[in-house]
Amino acid sequence: EPLPGYFRRLSPDYVRARILSCLTEVLQRARRYDESIELIQYLLNRAIYNRHRRGKLWNRLALIQENYIKINGHQQCLNTIYEALQDPYVKLGDRLALCERARKLYSRPKSKGILQAEWITNEEEQLIWTVPMPKEVEVTGCLLANDARMGKVTYTIQDPIDGSIQFCTVEQLAINHYRTKEDYTYGIHSEGAVIRTLIGLLFLDLIYTLPTPDLLIDIFQTEPLDFQTDAFYKSRQNQIDERISRLNFEENIQEIAEKNWDLYNLTMSSVVNWELFPTKSTLLSALKCLTPEQIQSISIYTFVHNRAVWKGFPDLFVWNPTLKKCKVVEVKSHNDRLSYHQIVWLNKLVEFKIDCEVCKVSAIGSKKSLQRTPSTIELD
-2 EPLPGYFRRL
8 SPDYVRARIL
18 SCLTEVLQRA
28 RRYDESIELI
38 QYLLNRAIYN
48 RHRRGKLWNR
58 LALIQENYIK
68 INGHQQCLNT
78 IYEALQDPYV
88 KLGDRLALCE
98 RARKLYSRPK
108 SKGILQAEWI
118 TNEEEQLIWT
128 VPMPKEVEVT
138 GCLLANDARM
148 GKVTYTIQDP
158 IDGSIQFCTV
168 EQLAINHYRT
178 KEDYTYGIHS
188 EGAVIRTLIG
198 LLFLDLIYTL
208 PTPDLLIDIF
218 QTEPLDFQTD
228 AFYKSRQNQI
238 DERISRLNFE
248 ENIQEIAEKN
258 WDLYNLTMSS
268 VVNWELFPTK
278 STLLSALKCL
288 TPEQIQSISI
298 YTFVHNRAVW
308 KGFPDLFVWN
318 PTLKKCKVVE
328 VKSHNDRLSY
338 HQIVWLNKLV
348 EFKIDCEVCK
358 VSAIGSKKSL
368 QRTPSTIELD
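Be aware that the sequence shown starts at -2, since it is given in my numbering, and climbs by one per residue.
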């Protein structure tokens, strides 16, 4: 326990715990459910290892109890979820998944009067709260090929300049829609890499400031050992908070980004993807489309939650520097569903007043699903 978490990751016990964590899924697939439950509970009772995976373990335990334990399995599942929601290491999408499982299970007609879980409907507990589903738009495209086995879908689009027919992915089809129909001049499909790069560049000099020794122990490291841990923000909080306070004007944001680009461009780093933006001016133009308040909000959120936060960031970032507008877009086929991590991110983007939506793509001539009315889901 005295070892910091980032050093504990290098210990034999951590490696063994990681292997056992993978074994829980193997046992589940082999239908050895009792053994899988026993192993999950063993790992959950040792909170010093794999803290960032505890949410996944709680969700797996709840799933097995709900679906594969015949005697009192549903009540065990709800008891597990209640305990999991008290765990401070269960965050974001993992918490949402647990809450949604509890709400659905408890609301079944067969469960009424049988299952004991009043905390689900008790507002004083404050374990479950309601979040509106994100805005959706419909886009159609001409489907050329659909290889379900390889997970590849190919569409065709018409080049707006010369009129030629080009092949593209579903994400490229969506980018073409935003360029031609909504006046966005740039678009990148990179999931969280664009925002991670924009925010990372503004703090790049601070990220590699070492408050304690031995955080860089190898010349091939692309980040400090503590970067993806809770200790990172805590040990640099004063410097990071001071930098965030400086990001209150567009001129300051541009100055810091330009300075760090000039100093560190092409330096090997896991924080910034230098290949995303072909030139410094392109990157600076993307930053101009985010207000200082939006940049400050995202910075605080990502540094506080760190590793847990980057799951589920939407696919596309499109922007127009002339109009100073940008949009974050999650692209889905007509039958795909949002993951819980994606729902959490879209909800946060709305909270930060960043324009975002889900782009549902359906093929021309394909059988369309019935239009669904936007609903709400339960979030802890």
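Using N, Cα and C, we set each Cβ at its ideal position, and we do this for glycine too. Remember, it's a predicted structure, so these values are computed and weren't measured experimentally.
Do you know how far the Cα of residue j is from the Cα of residue i?
{"i": "Pro289", "j": "Ile250", "result": "8 Å"}
{"i": "Asp259", "j": "Leu273", "result": "16 Å"}
{"i": "Gln83", "j": "Arg51", "result": "12 Å"}
{"i": "Ser232", "j": "Pro1", "result": "12 Å"}
{"i": "Leu93", "j": "Gly184", "result": "30 Å"}
{"i": "Pro380", "j": "Leu222", "result": "The shown model of the chain, from -2 to 377, leaves out residue 380, and the question about it has no answer."}
{"i": "Cys286", "j": "Thr279", "result": "11 Å"}
{"i": "Asn56", "j": "Asn332", "result": "24 Å"}
{"i": "Asp312", "j": "Trp342", "result": "11 Å"}
{"i": "Leu140", "j": "Ser267", "result": "36 Å"}
{"i": "Lys109", "j": "Leu95", "result": "19 Å"}
{"i": "Thr177", "j": "Ile154", "result": "11 Å"}
{"i": "Ala44", "j": "Ile125", "result": "24 Å"}
{"i": "Glu354", "j": "Ser8", "result": "43 Å"}
{"i": "Leu284", "j": "Ala190", "result": "14 Å"}
{"i": "Leu244", "j": "Gln113", "result": "49 Å"}
{"i": "Leu17", "j": "Leu212", "result": "27 Å"}
{"i": "Ala59", "j": "Leu75", "result": "8 Å"}
{"i": "Ala305", "j": "Ser282", "result": "28 Å"}
{"i": "Lys364", "j": "Ser104", "result": "Only weak support is given to the placement of Lys364: the predicted model assigns it a pLDDT of 46, under 50, and the question is left unresolved by the model."}
{"i": "Asn173", "j": "Glu348", "result": "27 Å"}
{"i": "Thr21", "j": "Lys67", "result": "19 Å"}
{"i": "Val128", "j": "Trp307", "result": "20 Å"}
{"i": "Asn317", "j": "Tyr205", "result": "32 Å"}
{"i": "Pro208", "j": "Ala254", "result": "23 Å"}
{"i": "Glu133", "j": "Ser161", "result": "30 Å"}
{"i": "Gln234", "j": "Phe200", "result": "12 Å"}
{"i": "Ser187", "j": "Ala14", "result": "32 Å"}
Reducing DSSP to helix, strand and coil, say where residue i ends up.
{"i": "Phe164", "result": "strand"}
{"i": "Thr370", "result": "Note that Thr370 scores a pLDDT of 36, beneath 50, so its modelled location is shaky and nothing firm can be said."}
{"i": "Glu115", "result": "helix"}
{"i": "Trp271", "result": "coil"}
{"i": "Asn317", "result": "strand"}
{"i": "Arg176", "result": "helix"}
{"i": "Gln83", "result": "coil"}
{"i": "His331", "result": "coil"}
{"i": "Ile185", "result": "strand"}
{"i": "Cys294", "result": "At residue 294 the sequence reads Ser, which differs from the Cys that was named. Residue state, collapsed to three classes: helix."}
{"i": "Leu17", "result": "helix"}
{"i": "Ser381", "result": "A question about residue 381 goes unanswered here, because the residues of the chain that appear run from -2 up to 377."}
{"i": "Thr154", "result": "Reading off the sequence, residue 154 comes out as Ile, not Thr. Three-state DSSP puts Ile154 in a strand."}
{"i": "Pro129", "result": "strand"}
{"i": "Leu287", "result": "coil"}
{"i": "Leu140", "result": "strand"}
{"i": "Ala360", "result": "strand"}
{"i": "Lys324", "result": "strand"}
{"i": "Lys350", "result": "coil"}
{"i": "Lys88", "result": "coil"}
{"i": "Lys149", "result": "strand"}
{"i": "Lys365", "result": "Confidence in Lys365 is poor, its pLDDT being 43 and thus under 50, which makes the residue's placement unreliable; the coordinate value appears in the next sentence. If DSSP states are grouped into helix, strand and coil, Lys365 belongs with coil."}
Give me the Cβ distance between residue i and residue j, rounded to the nearest whole Å; I'm assuming they're in contact under 8 Å.
{"i": "Leu386", "j": "Ser33", "result": "No answer is possible for residue 386: it lies beyond the span of the chain, which begins at -2 and ends at 377."}
{"i": "Gln225", "j": "Asn303", "result": "6 Å"}
{"i": "Arg100", "j": "Ile117", "result": "6 Å"}
{"i": "Ile241", "j": "Gln293", "result": "5 Å"}
{"i": "Gly309", "j": "Ser330", "result": "At roughly 17 Å, the Cβ-Cβ gap does not stay under 8 Å, so Gly309 and Ser330 are not in contact."}
{"i": "Ala171", "j": "Val326", "result": "6 Å"}
{"i": "Ser296", "j": "Ile196", "result": "6 Å"}
{"i": "Tyr86", "j": "Ile61", "result": "Contact flag wrong, Cβ pair sits at about 20 Å."}
{"i": "Val301", "j": "Tyr230", "result": "6 Å"}
{"i": "Asp91", "j": "Lys53", "result": "6 Å"}
Would residue i be called buried (16 or more neighbouring beta carbons within 10 Å of its own) or exposed?
{"i": "Leu102", "result": "buried"}
{"i": "Gln169", "result": "buried"}
{"i": "Lys350", "result": "exposed"}
{"i": "Asn47", "result": "buried"}
{"i": "Glu252", "result": "exposed"}
{"i": "Ile158", "result": "exposed"}
{"i": "Phe217", "result": "exposed"}
{"i": "Leu89", "result": "buried"}
{"i": "Pro131", "result": "buried"}
{"i": "Val150", "result": "buried"}
{"i": "Thr182", "result": "exposed"}
{"i": "Phe314", "result": "buried"}
{"i": "Val12", "result": "exposed"}
{"i": "Gln38", "result": "exposed"}
{"i": "Asp227", "result": "buried"}
{"i": "Ala27", "result": "exposed"}
{"i": "Ile340", "result": "buried"}
{"i": "Phe164", "result": "exposed"}
Determine, for residue i, whether the minimum Cβ-Cβ distance to residues of chain E falls below 8 Å.
{"i": "Leu82", "result": "Among the chains in the structure shown there is no chain E, since it carries only a single protein chain."}
- May I have a chain-ordered list of the alpha helix (DSSP H) segments no shorter than 4 residues that lie completely inside the segment 190 to 265? 190 to 199, 201 to 204, 227 to 232, 234 to 243, 247 to 261
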